[in-house]
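All remarks here apply to the structure that follows.
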Amino acid sequence: METAPSRGVCPVCGKNATLKCGNCRREFYCDKSHQSQDWPRHRSTCIAWKIGRDPDLGRHLLATRDLAPGDAILSEVPLVWGPSIHAIQRLCVGCGKRCDDDITTRCGECCWPACRSDCEGLFDKKRHESECALLARARIIPRCDVLLVIRMLILWRTKSKRWTSLANLQSHESLRGPGTDAHDEVTSISQHLGPILTIAFDCRDVLPKICGLIDVNALETMPPEGSVAIYENASLLEHSCVANTRHSFRIDDKGRPRITVYAVTSIRKLTVLLHPGHQHCISVSHSLIQLLPPSDPRKSELCKLILDTVTRLDPHGARLALYTAVTLRELASCPGEDKQVHLSRAASLLKAEPPNSPGQKLLRLVEMEL
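For reference, each letter of the sequence shown is one residue, going 1 to 370 in UniProt numbering.
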């Protein structure tokens, strides 16, 4: 993942500036007045998308101008975020980081898992503090996979503006009736949240919608690992096996995973913006190619087969960059292959990997080998 610059030059007065445009995150200003003064000029390059409506696609995003590879399309903070509804690992209720195996570190009030007792998120009114009293009062067994549902129930109960935005997203409730796995999931969550529903909420009817909103719209974040987030506009990207965008995350100064969406190929004006589809993530034989010695001709053949498959599914490296990079590094070790070319391509694919992720660690290794 690219490191976002923290300062730049104000286009109005030419002085060093730290106030960043909240949309494109690329332009800096001295103050709000200079930002307003520059808006007529900046607008044409700042907003690169608009919402379209279609009987088949529903609401979706369209490019408002021609885009080049690497252009930032949109950047926003989530409406709500938290551990995945399918999470099995313990995540901190304050900041979302994965907790150590030491189960004794918990929030001092509600006793839910925490990364450390002084985690800033535990005492933040816009993060854990808003739900802490409810969790403490309900005294339910901590389960990270229901925390996001609880946060959305609170938004619904308080009639938050964020809930209004969430409710406008698709939830496919009609497909979540009795006899479906989704219905069983809602029943399980409802049973676990019984004490909370009794104490604070007077209706269980909203649970199917909440679970549907999560399943349809939530994006896996990195960082923090193991969490998902729902975004007002990024959630409108259409899913496709061959996407024309990619996205990255960074934690902002308020502890939220901000998403930035980039073009991965040239995109013409009014083209539908496509998000990498989760359904095409594949299991490839990385273990085998790493076990085979470079001298074994099967290693080179298998690497090239994997590269051919991945390239067809993800020609722009929007989703399967790590798969491709691992394979390129293994292929670079085979006799007769151009090591420099393969490693350079692998390094290029890994530039967008998040800090401290397996992809970034591989990037450092590849750069040492170049």
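The beta carbon of each residue, even a glycine, is placed where N, CA and C say it ideally should be.
Based on DSSP bridge pairs, tell me the residues matched to residue i.
{"i": "residue 245", "result": "263"}
{"i": "residue 220", "result": "228"}
{"i": "residue 16", "result": "9"}
{"i": "residue 76", "result": "259"}
{"i": "residue 60", "result": "52"}
{"i": "residue 250", "result": "258"}
{"i": "residue 65", "result": "Per DSSP, none; premise fails for residue 65."}
{"i": "residue 207", "result": "None; residue 207 has no bridge partner."}
{"i": "residue 98", "result": "91"}
Any heavy atom of the ligand MG closer than 7 Å to the Cβ of residue i?
{"i": "residue 370", "result": "Here there are no bound small molecules, and the ligand MG is not part of this structure."}
If you follow the alpha helix (DSSP H) that residue i is part of, which residue opens it and which one closes it?
{"i": "residue 32", "result": "32–46"}
{"i": "residue 109", "result": "Neither: residue 109 is in no alpha helix (DSSP H) and is coded neither H nor E."}
{"i": "residue 358", "result": "358–369"}
{"i": "residue 118", "result": "Neither: residue 118 is in no alpha helix (DSSP H) and is coded neither H nor E."}
Considering residue i, what are the terminal residues of the beta strand (DSSP E) in which it resides?
{"i": "residue 83", "result": "80–83"}
{"i": "residue 51", "result": "49–54"}
{"i": "residue 27", "result": "Residue 27 -> no beta strand (DSSP E), and no H or E assigned at all."}
{"i": "residue 235", "result": "Element bounds for residue 235: n/a, residue is neither H nor E."}
Could you tell me how far apart the beta carbons of residue i and residue j are, in whole angstroms, since I believe they sit closer than 8 Å?
{"i": "residue 367", "j": "residue 352", "result": "Not quite, the Cβ-Cβ distance comes to about 15 Å (not below 8 Å), so this is no contact."}
{"i": "residue 135", "j": "residue 169", "result": "That pair is no contact at about 26 Å."}
{"i": "residue 243", "j": "residue 71", "result": "The pair is not a contact, with the Cβ atoms about 15 Å apart (cut-off 8 Å)."}
{"i": "residue 144", "j": "residue 119", "result": "Residue 144 to residue 119, Cβ: 15 Å. No contact."}
{"i": "residue 12", "j": "residue 28", "result": "With a Cβ gap of about 10 Å, residue 12 and residue 28 do not count as contacting."}
{"i": "residue 354", "j": "residue 222", "result": "5 Å"}
{"i": "residue 93", "j": "residue 128", "result": "5 Å"}
{"i": "residue 269", "j": "residue 66", "result": "5 Å"}
{"i": "residue 236", "j": "residue 51", "result": "7 Å"}
{"i": "residue 318", "j": "residue 245", "result": "7 Å"}
{"i": "residue 256", "j": "residue 81", "result": "7 Å"}
{"i": "residue 107", "j": "residue 122", "result": "5 Å"}
{"i": "residue 271", "j": "residue 69", "result": "Actually they do not touch by this definition, with Cβ atoms about 14 Å apart."}
{"i": "residue 25", "j": "residue 16", "result": "With 8 Å as the limit, residue 25 and residue 16 do not qualify as a contact, their Cβ atoms being about 17 Å apart."}
{"i": "residue 267", "j": "residue 327", "result": "The Cβ separation is near 27 Å, so there is no contact."}
If you check the beta carbons only, do residue i and residue j fall under 8 Å apart?
{"i": "residue 230", "j": "residue 78", "result": "yes"}
{"i": "residue 320", "j": "residue 313", "result": "yes"}
{"i": "residue 91", "j": "residue 146", "result": "no"}
{"i": "residue 83", "j": "residue 188", "result": "no"}
{"i": "residue 157", "j": "residue 195", "result": "no"}
{"i": "residue 216", "j": "residue 174", "result": "no"}
{"i": "residue 21", "j": "residue 46", "result": "yes"}
{"i": "residue 49", "j": "residue 61", "result": "yes"}
{"i": "residue 331", "j": "residue 303", "result": "yes"}
{"i": "residue 259", "j": "residue 247", "result": "yes"}
{"i": "residue 292", "j": "residue 299", "result": "yes"}
{"i": "residue 232", "j": "residue 211", "result": "no"}
{"i": "residue 148", "j": "residue 88", "result": "no"}
{"i": "residue 103", "j": "residue 131", "result": "no"}
{"i": "residue 350", "j": "residue 370", "result": "no"}
{"i": "residue 294", "j": "residue 241", "result": "no"}
{"i": "residue 155", "j": "residue 162", "result": "yes"}
{"i": "residue 19", "j": "residue 37", "result": "no"}
{"i": "residue 126", "j": "residue 254", "result": "yes"}
{"i": "residue 341", "j": "residue 324", "result": "no"}
{"i": "residue 261", "j": "residue 234", "result": "yes"}
{"i": "residue 219", "j": "residue 63", "result": "no"}
{"i": "residue 142", "j": "residue 111", "result": "yes"}
{"i": "residue 322", "j": "residue 358", "result": "yes"}
- Query: Taking the runs of the alpha helix (DSSP H) that are 4 residues or longer, which of them lie wholly in the region 120–189?
  - Reply: 129–138, 147–157, 161–167
- Item | alpha helix (DSSP H) runs wholly inside the region 266–351, at least 4 long, in chain order | 286–291, 297–313, 321–332, 339–350
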